[in-house]
Ligand code: URA
């Protein structure tokens, strides 16, 4: 019932109670209930503000992640990487995120700052997130490797992680996913796919459709670094179409503007 209609009913019942000998058929409790906010409004509030239980779950997950981070920061399983790294790069974002992105390995900027995806590719990822109506703090971002792959002294750029490095580091990522339990995973690039699933395939074969990791829906798309190298609108559109599928899977509203968006 709408509020004006409710007000009329309540006023009529109160008049009956005041004027007649017979009590109206609505008790004070029933009147109070009638005056309570409409169900839709209280439901909306319950759906948007986190419950104490959800807050506690997030705190527990943050504690569990902190314990893994501690072990990662002292890890020397790949002695060559432990020697060359500035620091480990664990992961960043909401420990209770619905959406988790998985990249390859830290580059020079990430190694310096201790945070994944902060260089040029990371800035593009942040723009993609923004177009999806997410902030970096809403999602969780991690890599297969927690150390920057070493490169010969005096050389520049990054090298991809080796299969052995990925196998060695993978258990940390598995722990992160197990703790966060996201509703959707996104793997960025074929190296991330190889690290996570052990599958070697081309992006043409992999992207644009749903896969699963441990029963979690997994979308595979191009690494943002690929989009920086290949600025063709067709490639950017492919990534955006993959992200639209992710939004749909998460039941997030998609505006007309987002549907027509080109990265
Ligand atoms: N590329 C990745 O795969 N991960 C990063 O953290 C940065 C660049």
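Residue numbers (our numbering): 1265 to 1527. Just so it is clear, CB atoms sit at the ideal spot from N, CA and C, and this is done for glycine as well. None of the values given here were measured: they were computed from a predicted structure.
Beta-carbon proximity check, residue i vs residue j, cutoff 7 angstroms
i	j	result
residue 1346	residue 1425	no
residue 1460	residue 1436	no
residue 1328	residue 1443	yes
residue 1366	residue 1489	no
residue 1510	residue 1483	yes
residue 1360	residue 1446	no
residue 1491	residue 1500	yes
residue 1373	residue 1412	no
residue 1448	residue 1416	no
Where residue i falls: helix, strand or coil (DSSP)
i	result
residue 1477	strand
residue 1485	strand
residue 1395	helix
residue 1512	helix
residue 1404	strand
residue 1465	coil
residue 1417	coil
residue 1470	helix
residue 1409	coil
residue 1452	strand
residue 1428	helix
residue 1435	helix
residue 1389	helix
CA nearest to the CA of residue i, picked from the options
i	options	result
residue 1394	1513, 1508 and 1407	1508
residue 1504	1339, 1334 and 1392	1392
residue 1339	1330, 1480 and 1352	1352
residue 1405	1364, 1447, 1427 and 1516	1364
residue 1341	1468, 1428 and 1374	1428
residue 1524	1438, 1472 and 1497	1497
residue 1325	1337, 1348, 1344 and 1356	1356
Contact belief for residue i with residue j at Cβ below 8 angstroms, rounded distance in angstroms
i	j	result
residue 1422	residue 1371	5 angstroms
residue 1332	residue 1495	Contact flag wrong, Cβ pair sits at about 37 angstroms.
Exercise for the section: Pick out the complete alpha helix (DSSP H) segments inside the stretch 1301–1387, 4 residues or longer, and give them in chain order. Expected result: Counting only runs of 4 or more, we get 1303–1312, 1316–1337, 1343–1348 and 1372–1377.
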